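> In our numbering, the protein residues as written are 6 to 342.
One structure coming up, written as structure tokens, with questions to follow.
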């Protein structure tokens with residue numbers, strides 16, 4: 006409390022661990038005996054909550070998957086109101102500091118990166134069918150003709166817009182011969198997760214441009230043994246392609262190449278998944294607070310298109326329809342334009 010500038014008295018604090026929801030944590034504080042040196046209950050946590058001398062309070066919750074309790078709660082109490090809350094000022098319009106295209110001129114089919122800086126906006130969108138880009142600061146586009154892009158930043162006070170034009174001349178270049186993935190081959194997970202049974206693990210992702218998916222990748226730890234299969238799905242669970250991984254190494258990135266590439270649309274959510282019977286998998290928290298971008302591919306932050314990552318326990322070939330609050334199960338795709 007002192008480090009955050011609250012130096013007044015009286016002050017108090019309750020801490021608790023082990024419950025994910027507020028009601029059970031509140032009950033934990035309400036009923037805790039908190040014995041003194043003689044063994045008599047003092048109910049100190051309850052007394053903090055009932056103390057009429059406290060005028061202000063703050064609540065915090067933290068999650069740590071690697072700890073024995075996982076969920077931690079803190080309530081701080083203070084006896085002095087150090088701020089006076091007056092009437093709410095009228096909100097200001099959002100500010101678009103910059104909006105640019107690099108390069109500003111391309112050959113037909115080549116890509117340009119739209120970049121912007123916006124403050125004070127609750128939503129940010131792009132025209133030409135791109136839509137919501139609130140969680141992003143850049144977007145790769147591949148216009149077929151000279152195109153004007155409009156960025157719209159909105160909050161409760163209204164909207165501000167800015168435009169940029171990408172000029173298109175010439176013919177489309179030949180597509181690259183090597184595939185593109187979201188994570189580089191040098192990327193390594195920070196931890197592993199015991200799953201307790203056979204499971205299909207998935208990732209929601211999209212692409213700025215249309216193209217083809219030639220296969221599925223996943224990162225394998227040394228305990229993730231046995232046969233693995235991979236699948237590509239539409240967002241509503243339609244199976245688009247599947248296969249079995251072969252020639253796997255003991256650890257590292259494993260790649261399944263489909264018997265035929267799958268054509269995908271731009272700015273459309275898909276799910277890539279793999280199945281394991283080993284009961285263990287690589288995991289991270291990359292998708293809880295932000296997406297992972299390697300234009301034109303994007304692993305979606307949880308909340309952009311529902312929960313991400315996704316999973317389902319059971320045999321292979323089932324759509325991973327259950328969501329987490331942003332786990333990254335280290336599933337990837339191989340993309341070609």
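The beta-carbon is built from N, C-alpha and C at its ideal position, and this holds for glycine as well.
No experiment lies behind these values; they were computed from the predicted model shown.
Exposed or buried, what is residue 333 when buried is set at 16 or more other beta-carbons lying within 10 Å of its beta-carbon?
buried
> The alpha helix (DSSP H) that contains residue 55, what's its start and end?
49 to 55
> Decide if residue 97 is buried, meaning its Cβ has at least 16 other Cβ atoms within 10 Å, or exposed.
exposed
> Note down, one range per segment and in chain order, each beta strand (DSSP E) of at least 3 residues found wholly within the region 85 to 161.
Counting only runs of 3 or more, we get 100 to 107, 117 to 124, 128 to 131, 143 to 146 and 152 to 160.
> Out of 36, 55 and 54, point me to the one whose CA is closest to residue 46's CA.
Residue 36 is the option with its Cα nearest to residue 46.
> Whole angstroms are fine: how far does the CA of residue 263 sit from the CA of residue 328?
26 angstroms
> Hey, residue 128 and residue 300: beta-carbon distance below 9 angstroms or not?
no
> Tell me whether the beta-carbon of residue 274 lies closer than 9 angstroms to the beta-carbon of residue 210.
The Cβ atoms of residue 274 and residue 210 sit closer than 9 angstroms to each other.
> Measuring CB to CB, does residue 21 end up less than 9 angstroms from residue 59?
no
> So what does DSSP say about residue 19, is it helix, strand or coil?
It is a strand residue.
> Going by the DSSP bridge assignment, what does residue 198 pair with across the sheet?
286
> May I ask you to report which of helix, strand or coil DSSP gives residue 177?
With a pLDDT of 47 at residue 177, under the threshold of 50, the modelled position of this residue cannot be trusted; read the value that follows with caution. Correct three-state label for residue 177: coil.
> So for residue 318, helix, strand or coil by DSSP?
strand
> Are the Cβ atoms of residue 344 and residue 117 separated by less than 9 angstroms?
Lying before the first or after the last residue shown, residue 344 is absent from the chain, which here runs from 6 to 342.
> Considering only C-alpha positions, which residue in the set 26, 11, 340 and 16 is nearest to residue 185?
340
> DSSP three-state label for residue 45, please.
coil
> For residue 216 and residue 61, I'd like the C-alpha separation in whole angstroms.
Their backbone Cα atoms lie some 56 angstroms apart in a straight line.
> Can you pull the DSSP bridge partners for residue 217?
268 and 341
> Which one of 10, 157 and 311 has the shortest CA to CA distance from residue 240?
311
> Closest by CA to residue 83, which one among 107, 57 and 213?
Considering only 107, 57 and 213, the residue with the shortest C-alpha distance to residue 83 is 57.
> Take every Cβ of the region 281 to 288, pair it with every Cβ of the region 200 to 208, and state whether three or more of those distances are shorter than 8 angstroms.
yes
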